[in-house]
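S.K.:
Numbering (my numbering), first residue to last: 33 to 171.
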């Protein structure tokens, strides 16, 4: 059985361009569900790498909503939602430091409450506010 599972999880037959964020998310969840802690980190790393390469578009925001949004999904209770939250927080901080900002439709989605569930929304607001306070204190 273990040999079958190992063969099942091998992604050598897939090119990187064929694999989506969703693909690696699903394989990560399956690997953790089946107790394959030896393979799960590979899928989590690939998931994170692909997500970090996604441009700040409507599709990216929809992806955020899938993993961190107020509507329950199979990812809501997984570690993937925390990974996604940390990545978007890092990206927003990086954009602010470079005096660039996420697109306005990201701000509108935040205002509408569709990007994050309550827990993540409160943390996001707290983190962004804290970084603003630190920025003001430095000047």
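In this text, a Cβ means the ideal position worked out from N, Cα and C, and glycines have one as well.
This one's a predicted model, so the numbers in the text were calculated from it and none came from an experiment.
Let's see if you can read the secondary structure: which residues bound the alpha helix (DSSP H) around residue 144?
M.R.: 136 to 144
S.K.: Looking at C-beta atoms only, is the number of pairs between the segment 138 to 157 and the segment 116 to 127 that lie closer than 8 Å three or more?
M.R.: Segments in contact, yes.
S.K.: With a CB to CB cut of under 8 Å and the five nearest residues on each side skipped, what residues in its chain are close to residue 150?
M.R.: 102
S.K.: Check for me: the alpha helix (DSSP H) holding residue 74 runs from which residue to which?
M.R.: 72 to 85 is the extent of the alpha helix (DSSP H) around residue 74.
S.K.: Could you tell me whether the Cβ atoms of residue 81 and residue 72 are closer together than 7 Å?
M.R.: no
S.K.: Just the C-alpha distance for residue 113 and residue 140, rounded to the nearest angstrom, thanks.
M.R.: 21 Å
S.K.: When DSSP labels each residue in this structure, what does residue 109 get in the three-state scheme?
M.R.: coil
S.K.: Whole angstroms is fine: what's the gap from residue 110's alpha carbon to residue 170's?
M.R.: 37 Å
S.K.: What do you get for residue 94, buried or exposed, if any count of 16 or more other CB atoms within 10 angstroms of its CB means buried?
M.R.: exposed
S.K.: Quick check: residue 60 and residue 83, are their CB atoms within less than 7 Å of each other?
M.R.: no
S.K.: Are the CB atoms of residue 127 and residue 18 within a distance shorter than 7 Å?
M.R.: Absent from the model: residue 18. The displayed extent of the chain is 33 to 171, so no value can be given.
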